[in-house]
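A.B. asks:
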Amino acid sequence: MESAADADAAAVDCSADMFAEFPPLEFYPFEPLPEFNPSPAPPPDPIPGIDRPAANPSPNPSPNPSRGYNPLLSFTVPRRPRRGRSQRNVALFSRPMGSFGGPDAADGSSVNVAASAVVSSDMGRMKIDNANFSATTGGAVPDASDEIIVINREATAEALTGLSAGFPADSLTDEEIDFGVLPVIGGIEQVNYILIRNHIISKWRANVNNWVVKEMFLDVVPKHCHGLLDSAYDYLVSHGYVNFGVAPAIKEKIPKEPTLSKSVIIIGAGLAGLGAARQLMRFGFRVLVLEGRKRAGGRVYTKRMEGGNPSNKLIAAADLGGSVLTGTLGNPLGILARQLGYPLHKVRDKCPLYNVEGKPVDPNLDVKVETEFNKSLDKASSIRKMMGDVSQNVSLGSAVDTFREVNNEEMSLFNWHLANLEYANAALLSNLSLAFWDQDDPYDMGGDHCFLHGGNGKLVEALTENVPIMYEKIVNTIRYGRDGVQVSVGNQVINGDIALCTVPLGVLKSGSVKFIPELPQRKLDGIKRLGFGLLNKVAMLFPYAFWGKDIDTFGHLTDEPSRRGEFFLFYSYATVAGGPLLIALVAGEAAHNFEILPPTEAVTRVIQILRDIYEPQGVNVPDPVQTVCTRWAGDPFSLGSYSNVAVGASGDDYDILAESVGDGRLFFAGEATTRRYPATMHGAFLTGLREAANIFNHVNGRASRIKIEKSPLKSAYSCALLLADLFREPDLRFGSFSVIYSRDDPNPQSGAILRVTFEDQTRKGHDVLKPDQHSNKPLFQQLRSHFNLRQQPYIYTLLTKEQALELREVRGGDDMRIFHLTEKFGFKLIGRKGLGPNADAVIASIKAERSGRKPASNLLKSKAGALRQKPGGTQQKVVRKAKIMGRSSGPGVPPKAATDGGNMMGDVQNLNQSIPEPSVPAQFATEIRQQVENIGILTDRSQIRGGGIFHGDKVQESLHSILP
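Residues in the sequence shown are numbered consecutively from 16, following our numbering.
#1: Smallest Cα separation from N446: which of G403, E420, H360, G546?
#2: With three or more C-beta pairs closer than 8 Å as the rule, is the segment 402-409 touching the segment 423-430?
#3: Could you give the distance in angstroms between the alpha-carbon of T274 and the alpha-carbon of K268?
#4: Suppose the cutoff is 6 Å on Cβ atoms and the five residues either side in sequence are ignored; what does the same chain contact list for L478 look like?
#5: Where does T988 fall in DSSP's three states?
#6: Assign H239 to buried or exposed, taking buried as 16 or more other Cβ atoms, counted over all protein chains shown, within 10 Å of its Cβ.
#7: In this structure, what does DSSP give as the bridge partners for H607?
#8: Between the beta-carbon of V490 and the beta-carbon of V500, is there less than 8 Å?
#9: Does the segment 654-672 come close enough to the segment 542-560 to have 3 or more Cβ pairs within less than 8 Å?
#10: For S860 and E744, what's the separation of their Cα atoms in angstroms?
#11: Which residue wins for smallest C-alpha separation from T317, given the options A332, P483, G580?
#12: Based on the DSSP output, what are the partners of C366 in its beta bridges?
#13: Near I216, which residues of its chain fall below 7 Å by C-beta distance, leaving aside the five closest residues on each side in sequence?
#14: Considering T702, what are the terminal residues of the alpha helix (DSSP H) in which it resides?
#15: Using 8 Å for Cβ pairs, my map puts V553 next to T642. What's the rounded Cβ distance?
#16: First and last residue of the alpha helix (DSSP H) that includes F194?
#17: Out of curiosity, what's the CA-to-CA distance linking L392 and L572?
#18: Check whether the segment 314-330 and the segment 628-643 touch, using three or more Cβ-Cβ pairs below 8 Å as the test.
#19: Short of 7 Å in beta carbon distance, which residues of its chain neighbour A854, apart from the five on each side in sequence? Order them along the chain.
#20: Please name the residue, chosen from I265, F834, L197, that lies closest to N224 on a Cα-to-Cα basis.
#21: Let me check understanding here. Comparing Cα to Cα, which of L187, E821, S658, G356 lies closest to L474?
#22: Please report whether the beta-carbon of G750 lies at a distance below 8 Å from any beta-carbon of chain C.
#23: Our contact map puts R682 next to L672 with C-beta atoms below 8 Å; I'd like the distance itself, whole angstroms only.
#24: Taking only runs that begin and end inside the segment 295-344, name each unbroken beta strand (DSSP E) of 3 or more residues, in chain order.
#25: Could you please give the first and the last residue of the uninterrupted beta strand (DSSP E) stretch that includes N551?
#26: Looking only at C-alpha atoms, which of H464, L737, F700 sits nearest to H254?
#27: If you draw a straight line from the alpha carbon of E272 to that of V528, how long is it in whole angstroms?
#28: Grouping DSSP H, G and I as helix and E and B as strand, with all else coil, what is R691?
#29: Applying the criterion that 16 or more other CB atoms from any shown protein chain within 10 Å of the CB defines a buried residue, is R690 buried or exposed?
#30: Helix, strand or coil for H571 per DSSP?
#31: Applying the 10 Å Cβ sphere with the 16-neighbour rule, what's the burial state of Y438?
#32: Could you tell me whether the segment 341-348 touches the segment 598-609, where touching means 3 or more Cβ pairs closer than 8 Å?
#33: Just to confirm, is the Cβ distance from G337 to M696 under 8 Å?
#34: By the three-class DSSP mapping on this structure, what secondary structure does H816 have?
#35: When DSSP builds the beta bridges, which residues end up paired with V500?
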């Protein structure tokens, strides 16, 4: 298989564009708003062997209760080039600081909550100056535990370091909450924990060759916060955020013999498998890695190329797989390179383009078309906000084609940018989800894109040191159960306690590895929904670098749209490979056609392109001394390059693939199991560290002992039942509007939930796409089809009690109330699943208040009782950024919920039928639907951006409010 691996090695060029730099910003820790906690849970039993305070779970209706009060962080973010040539324009984003946290960091419906705390400095500490402080504390003088600590004067810089490592500046990640780092989420204690966490990360990042110990921080962390220091240190070390890698001080911590009786079998010696193996060995596990190839690294493969005569021998290291280290500010692979002393070469931004004839593209035309390309992406982003959930079933390609405004002369240049986008995602644009193709953008780490001198194989070599690996072991069956795991390799069976599967998504899709028992349907569906694309390369070693050494990239255009990705981008490795190496990329549809193209013909085409470009400049293009063509789709150990969010999928599917099965017997890692960093080398490596921590925590019983209770609102069905139950007896009802709020709270600014009901009229005469049918039809045709397919009878918004009472007094019927709500109040009407955590808190408060009232009927009593059942074991994630509305229940419904879903939804329908809700007048409902249908025939693009669904441009983005 070595020859096949050499000639047909697969490629996963891992590049995720990062923030070029972080400008200065001020870090303001805020005292959180009071949290709703109807029934605090008792503290759990202490965990043996963990020297720190045990966690005290605190139920909270918010999916992540630390996020409701985030200040806004505004800074300049370059448009993400993702891979290939960087883009010129810069956009200004204003995003919640917490949106850089866990998978549910941003929910698409964030509310800017005004902070009531002002931070001031006093005697070396910052104290909270709150107008309401005396009222909430009875006038008592706060003790030390009520103060925000000051570790040093670099809190801002350390917050940015934490941000680059994936931690929000002012809140906790779900992973931290699940680990139990704090007994109570929120408050001053959380702020102090974050400061300590960021300080530990920054201290280690300053010298990654050291092993940091807790004693280093005892002098700078006040004694009353030493418990927080224990929590932060234990979490960061166990989860591989500090003290990881291949530095001598870190390798010394790996015991010579296992200290635990448990054994772990790791399938796959890629970056995920190697990262997990080293971490598990340090924890004391018995580890065995099984690899089907003759080499380690998986889709990271550096091939030694050589040629020339004995007197002038040429040698170069060619990265045929993952090649670019992206975001080196926080990239763990960049940390490995620092530990090894390997230099990095920044990929320079200069990227000249050449047209079909080989002539340089006019710079003015280049800028014009690139600007138009970026505008088309901006318009696609705007329209997906209007479409809500429907955009999940629409392709990015259809949206870009709809908004494209270029003439025939500019088309080949526009297609080059499309090819670059297909390279970034290893997929045809017609297969990418409009809603979530860029769902990982908020998690860019920051820093430059770099090449590693000598190739990334040097990192793989360092990671394999002293790791027990069995090569050429092709796994065909994984059995898992209560008594352990059995991994079958041909006629050999290897027994273990736990298995970690790191095979690529393409292998999982093929079914070549059989799982007994079969994987849960939820995971099988996620495997099917996610896309797994293709990128191929032609590596060429020349006698000399005829293209010069002042550029790292250049591009080539083609007239044929179907071949736009064929040799569209060239990478020069002459400065890092040890020889004059040039690599041509093949992306999109061309990458698939390339699989069956004879290598000689492929090389001939590339050489002709190079000669068309350089010979008119008087530069001779010699024949290469050695060439290699990759065939990633034909490699049985990868069957493709890297993952993407296909039409019908979402970021949730990455989480689903990451879930363990078999009660902690079978775990999963790899780039397709991280929604933050998919399709990247560092993403794969980080999932290995993640799963090592999960295995360690499971074995130590942490998963069952420390768990922050999840709100029942996180179940889509429970939420539907609860809202249907509460709106059976609304506190206000006028026209088509119903409002619920807390009657016991006299504050007119307290929260309220408003619901608008409109008639569900059956519409005929339109073609409807099947759920699994994708189309390249114009965007608005897809929108109309999917709207016809899926109807939603209710739309909601979160407002105050005072605003609800004011809305009731508006005269002129429902039309005027809608106008008042959207124009005067500035609210958007959204679907139930888009209400977000702040509305969850209001709903939970109303539910708790009403639980003390006498039920109106036995039916209500039975339904309220049904709501008290615990949700399924799998929590629903809140999708960030691109996902403007909540996702469909399909991907996120726990197995049990999926089983009972039909009956539960039936109950909701019966509730609605038992007490009929008033409906929007037929004329009003018809007007709404007519507005939606008109979108399908709009031709004026300014009208798309500025037109409104009901009235005015403030509700232009609320199309999703009447879609599921």
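Even glycine gets a Cβ: it sits at the ideal position worked out from N, Cα and C. Since the structure is predicted, the reported quantities are computational estimates derived from the model, not experimental observations.
C.D. replies: So, from the data block:
#1: Within the sequence shown, numbered from 1, the residue matching residue 446 stands at position 431. Measuring from the Cα of N446, the nearest candidate turns out to be G546.
#2: no
#3: In the sequence shown, the residue the question calls residue 274 occupies position 259. In the sequence shown, the residue the question calls residue 268 occupies position 253. About 12 Å.
#4: Here residue 478 refers to the residue found at position 463 of the sequence shown. Contacts found: L289.
#5: As displayed, the chain neither begins before 16 nor continues past 979, which places residue 988 out of reach and without an answer.
#6: What you label residue 239 is simply residue 224 of the sequence shown in a count that begins at 1. Answer is exposed; the Cβ neighbour count stays below 16.
#7: The residue labelled residue 607 in the question sits at position 592 within the sequence shown. Its beta-bridge partners do not exist; DSSP assigns none.
#8: Translated into the one-based positions of the sequence shown, residue 490 becomes position 475. Translated into the one-based positions of the sequence shown, residue 500 becomes position 485. No.
#9: yes
#10: For the purposes of this step, residue 860 is taken as residue 845 along the sequence shown, with counting starting at 1. For the purposes of this step, residue 744 is taken as residue 729 along the sequence shown, with counting starting at 1. Each residue's alpha carbon lies about 15 Å from the other.
#11: Taking the first residue of the sequence shown as position 1, residue 317 is located at position 302. Comparing Cα positions, the closest option is A332.
#12: Taking the first residue of the sequence shown as 1, we reach residue 366 at position 351. Answer by DSSP bridge pairing: none, since C366 is not bridged.
#13: By 1-based counting over the sequence shown, the position of residue 216 is 201. Non-local beta-carbon contacts of I216 in its own chain, meaning distances under 7 Å to residues more than five positions away in sequence, involve T176, G177, A180, L251, Y256, V257 in chain order.
#14: Here residue 702 refers to the residue found at position 687 of the sequence shown. First-last of the alpha helix (DSSP H) with T702: 696-714.
#15: Position 538 of the sequence shown, counted from the first residue, corresponds to residue 553. Position 627 of the sequence shown, counted from the first residue, corresponds to residue 642. Right, the Cβ-Cβ distance comes to about 6 Å (below 8 Å), so this counts as a contact.
#16: As a first step, residue 194 is located in the sequence shown; it is residue number 179 there, counting from the start. Membership of F194 in the alpha helix (DSSP H) is indicated by the continuous run 189-194.
#17: Against the sequence shown, residue 392 aligns to sequence position 377. Against the sequence shown, residue 572 aligns to sequence position 557. Straight-line Cα distance between these residues: approximately 20 Å.
#18: Result yes; three or more Cβ-Cβ pairs closer than 8 Å.
#19: Looking up residue 854 in the sequence shown gives position 839. Around A854: I768, L813.
#20: As a working note, residue 224 is residue 209 in the sequence shown. Nearest C-alpha to N224 among I265, F834, L197: I265.
#21: Residue numbering aside, residue 474 sits at position 459 when the sequence shown is read from its first letter. Residue G356 is the option with its Cα nearest to L474.
#22: Any reference to chain C falls outside this structure, which holds one protein chain only.
#23: By one-based count along the sequence shown, residue 682 stands at place 667. By one-based count along the sequence shown, residue 672 stands at place 657. Arg is not the amino acid found at residue 682; the sequence shown has Phe there. Not really, about 11 Å apart at Cβ, beyond 8 Å.
#24: Positions of the beta strand (DSSP E) runs, each at least 3 residues long and wholly inside the segment 295-344, are given as 301-305, 317-322, 329-334 in order along the chain.
#25: The sequence position of residue 551 within the sequence shown is 536, counting from 1. Its beta strand (DSSP E) spans residues 551-556.
#26: Working through the sequence shown from its first residue, we reach residue 254 at position 239. For the residues H464, L737, F700, the minimum Cα distance to H254 belongs to F700.
#27: Here residue 272 corresponds to residue number 257 of the sequence shown, with the count starting at 1. Here residue 528 corresponds to residue number 513 of the sequence shown, with the count starting at 1. Between E272 and V528, the C-alpha separation is close to 31 Å.
#28: As a working note, residue 691 is residue 676 in the sequence shown. Residue state, collapsed to three classes: coil.
#29: On the sequence shown, residue 690 is found 675 positions in, with the first residue counted as 1. Burial call: buried.
#30: Numbered from 1 along the sequence shown, position 556 holds the residue referred to as residue 571. In the structure shown, H571 sits in a strand (DSSP, three-state: E or B).
#31: In the sequence shown, counting from the first residue as 1, residue 438 sits at position 423. Burial call: buried.
#32: no
#33: If you number the sequence shown from 1, residue 337 lands on position 322. If you number the sequence shown from 1, residue 696 lands on position 681. At the C-beta level, G337 and M696 come within 8 Å of one another.
#34: By one-based count along the sequence shown, residue 816 stands at place 801. With the sequence shown as reference, residue 816 is identified as Lys, and His is not the correct amino acid for it. Reduced to three states, the DSSP call for K816 is helix.
#35: Taking the first residue of the sequence shown as position 1, residue 500 is located at position 485. Beta-bridge pairing links V500 to Y495, G511.
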